[in-house]
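The opening position of the sequence shown corresponds to residue 31 in our numbering, with each subsequent residue numbered one higher.
Quick reminder that beta carbons are idealized off the backbone N, C-alpha and C, glycines included.
Since the structure comes first, as structure tokens, the remarks are kept for the end.
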Amino acid sequence: MKTMFKIIGIIVLLLMVQNLSAQDELNQYLAVAAENNPGVKAKFNEYLAALEKVPRVGTLPDPQVSFGYFIQPVETRVGPQRAKISASQMFPWFGTLGAKRDIATEMAKSKYETFEAAKSELFYKVKANWYNLYFTQKAIGITRENINILQIFRKISLSKVESGQASTVDILRVEIEISDLENQLALLNDKYTAQQAGFNNLLNVEENRTVLIPDSLKNETLAYSREAILDSIRQVNPALHQLDYMASAYEQQESLARKSGSPNIMVGADYIITGKSNMPEVSGSGKDAIVFPMVGISVPIYQKKYASMEKEAQLMQQSVEAQKADRTNKLESDFETANKDYNDAGRRIPLFKLQSERANKALSILQTEYETDGKNFEEILRMERQLLKYKLELEKARSDKGAAIAYIEYLMGQ
Numbered sequence: 031m032k033t034m035f036k037i038i039g040i041i042v043l044l045l046m047v048q049n050l051s052a053q054d055e056l057n058q059y060l061a062v063a064a065e066n067n068p069g070v071k072a073k074f075n076e077y078l079a080a081l082e083k084v085p086r087v088g089t090l091p092d093p094q095v096s097f098g099y100f101i102q103p104v105e106t107r108v109g110p111q112r113a114k115i116s117a118s119q120m121f122p123w124f125g126t127l128g129a130k131r132d133i134a135t136e137m138a139k140s141k142y143e144t145f146e147a148a149k150s151e152l153f154y155k156v157k158a159n160w161y162n163l164y165f166t167q168k169a170i171g172i173t174r175e176n177i178n179i180l181q182i183f184r185k186i187s188l189s190k191v192e193s194g195q196a197s198t199v200d201i202l203r204v205e206i207e208i209s210d211l212e213n214q215l216a217l218l219n220d221k222y223t224a225q226q227a228g229f230n231n232l233l234n235v236e237e238n239r240t241v242l243i244p245d246s247l248k249n250e251t252l253a254y255s256r257e258a259i260l261d262s263i264r265q266v267n268p269a270l271h272q273l274d275y276m277a278s279a280y281e282q283q284e285s286l287a288r289k290s291g292s293p294n295i296m297v298g299a300d301y302i303i304t305g306k307s308n309m310p311e312v313s314g315s316g317k318d319a320i321v322f323p324m325v326g327i328s329v330p331i332y333q334k335k336y337a338s339m340e341k342e343a344q345l346m347q348q349s350v351e352a353q354k355a356d357r358t359n360k361l362e363s364d365f366e367t368a369n370k371d372y373n374d375a376g377r378r379i380p381l382f383k384l385q386s387e388r389a390n391k392a393l394s395i396l397q398t399e400y401e402t403d404g405k406n407f408e409e410i411l412r413m414e415r416q417l418l419k420y421k422l423e424l425e426k427a428r429s430d431k432g433a434a435i436a437y438i439e440y441l442m443g444q
């Protein structure tokens with residue numbers, strides 16, 4: 031009894047290790063894709079570029095320095111003024127630089143959410159392609175298995191024909207079935223090669239690199255309720271966050287438009303170079319003159335353009351709000367479709383598992399009867415086709431369920 035329990039324990043442990051290994055392999059592929067995929071890299075670099083703009087827009091404009099030479103010197107008591115050096119600094123209205131910095135910051139955050147959305151979409155594509163590879167690999171194995179079974183049936187029918195218990199038509203029928211399956215197998219192999227290339231392209235590695243696919247998939251289930259998933263989509267989805275930051279940026283742009291209609295203040299100084307006076311006894315002869323301060327303001331008299339900028343920002347806020355509502359509706363609709371696919375796959379798995387068992391039993395009975403009296407060979411082939419269909423449908427259901435979960439996780443921003 032203890033030995034039996036040990037055997038059962040080892041079997042359970044092996045199954046757990048296999049499932050964990052399969053998940054670990056997928057996680058490794060996701061990590062490679064996140065690091066290598068050029069599309070995701072491009073989005074991240076766009077985010078870094080947007081960050082570089084923040085300190086730039088939040089600084090004062092460059093000071094101005096000018097030099098003037100008097101062709102005709104200006105005579106003064108202390109001597110002729112020969113040249114002038116001017117320096118000035120323009121100061122935007124209070125809060126203008128802060129508003130520009132806030133706009134750039136919100137835009138950078140928007141770019142980051144775009145990067146997160148691209149990464150989330152990439153993860154979904156990797157998972158979906160991985161599940162497609164799993165199904166194609168299983169289809170290849172099942173098709174090969176059926177070809178081998180039909181080869182056995184061919185030998186049985188050949189012996190029946192030789193003993194006079196069956197017609198040569200039985201041999202032709204099984205050969206037709208074998209040829210059809212061999213053609214299907216070649217197509218599946220080509221399909222797997224194409225899918226493998228597509229999968230490796232997502233990872234940005236060699237197209238012919240071998241992809242590790244498990245022999246079986248564990249029965250995954252959604253870890254959250256329907257309401258929790260919908261709430262997560264509304265609160266966490268990066269595409270919605272991206273629109274939130276865009277709306278915030280346009281709100282700051284509206285504030286900037288109002289501040290831009292205020293005057294800018296200029297502060298500066300002039301330094302005048304003075305030559306020696308013709309009357310050296312004059313006190314301060316040749317002394318340079320400094321005129322300070324010099325103050326000026328810009329006069330924003332064309333207020334219509336600032337009002338137009340403010341209206342533009344308001345309209346863009348409304349546009350982004352409408353985009354968010356539209357995107358939310360689409361995400362919720364996509365979830366309902368994916369949830370339907372998930373539930374459908376969950377129903378198909380036990381159905382086709384049961385149907386496969388029934389078809390296998392029926393096939394065994396028909397095979398026994400044929401070996402006895404040589405009848406119903408056509409029914410054997412029909413049942414074999416049915417069994418092949420159920421086995422493929424079972425693996426397709428498992429693959430579809432995993433893909434549906436992956437898509438729901440993508441909608442949740444995972």
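Minimum C-alpha distance to residue i - residue among the options
i           : options            : result
residue 325 : 336, 296, 166, 351 : 296
residue 206 : 255, 408, 165, 264 : 408
residue 393 : 160, 410, 245      : 410
residue 7   : 68, 443, 347, 187  : With the chain covering 31 to 444 only, the question about residue 7 has no answer from this structure.
residue 181 : 169, 134, 211      : 211
residue 70  : 437, 143, 267      : 143
residue 6   : 197, 149, 240      : This structure gives no information on residue 6, because the portion of the chain shown stretches from 31 to 444.
residue 250 : 154, 372, 162      : 372
residue 54  : 125, 157, 93       : 157
residue 289 : 163, 442, 151, 335 : 335
residue 420 : 389, 430, 132, 412 : 389
residue 85  : 128, 95, 60        : 128
residue 76  : 132, 260, 145, 96  : 145
residue 442 : 242, 430, 260      : 260
residue 245 : 166, 270, 266      : 166
residue 87  : 59, 126, 404       : 126
residue 231 : 62, 135, 427, 431  : 62
residue 59  : 194, 95, 229, 223  : 229
residue 177 : 204, 155, 189, 190 : 204
residue 242 : 64, 430, 56        : 56
residue 375 : 343, 405, 426      : 426
residue 345 : 405, 399, 277      : 277
residue 151 : 268, 179, 275, 130 : 268
residue 131 : 147, 82, 113       : 82
residue 163 : 147, 104, 224      : 224
Residues bridged to residue i (per DSSP)
i           : result
residue 304 : 111
residue 325 : 297
Status (buried if at least 16 other CB within 10 Å, exposed otherwise) for residue i
i           : result
residue 272 : buried
residue 183 : buried
residue 331 : exposed
residue 306 : exposed
residue 254 : exposed
residue 79  : exposed
residue 401 : exposed
residue 327 : exposed
residue 185 : exposed
residue 187 : buried
residue 338 : exposed
residue 360 : exposed
residue 341 : exposed
residue 153 : buried
residue 239 : exposed
residue 67  : buried
residue 256 : exposed
residue 134 : buried
residue 159 : buried
residue 39  : Here the model assigns residue 39 a pLDDT of 43, short of 50, so the residue's position is not dependable, and the following value carries that caveat. Classification for residue 39: exposed.
residue 350 : buried
residue 270 : buried
Going along the chain, which unbroken runs of the alpha helix (DSSP H) with 4 or more residues stay wholly within the segment 55–123? 68–87
Could you tell me which uninterrupted alpha helix (DSSP H) segments, each at least 4 residues in length, are contained entirely in the segment 253–302, listed from first to last along the chain? 256–266, 268–290
Pairing CB atoms from the segment 213–225 with CB atoms from the segment 137–152, are three or more of them under 8 Å? no
Is it true that the segment 116–128 meets the segment 297–305, where meeting means three or more beta-carbon pairs spaced less than 8 Å apart? yes
Indicate whether the contact test is met: 3 or more Cβ pairs, each with one atom in the segment 370–389 and one in the segment 347–359, closer than 8 Å. no
Touch test, the segment 230–237 against the segment 164–176, Cβ-Cβ under 8 Å, three pairs minimum: no
Any 3 or more C-beta pairs closer than 8 Å across the segment 429–439 and the segment 368–376: yes
Is it the case that the segment 94–102 contacts the segment 282–291, given that we only count it when at least three CB pairs across the two stretches are under 8 Å? no
Taking contact to mean at least 3 C-beta pairs separated by less than 8 Å, is the segment 389–405 in contact with the segment 413–428? yes
Go through the segment 202–258 residue by residue and report every complete run of the alpha helix (DSSP H) that reaches 4 residues or more, in order. none
What ranges does the beta strand (DSSP E) occupy inside the segment 146–182, keeping only unbroken runs of at least 3 residues that lie completely in it? none
Complete alpha helix (DSSP H) runs within the segment 402–444 (minimum length 4 residues, chain order): 407–441
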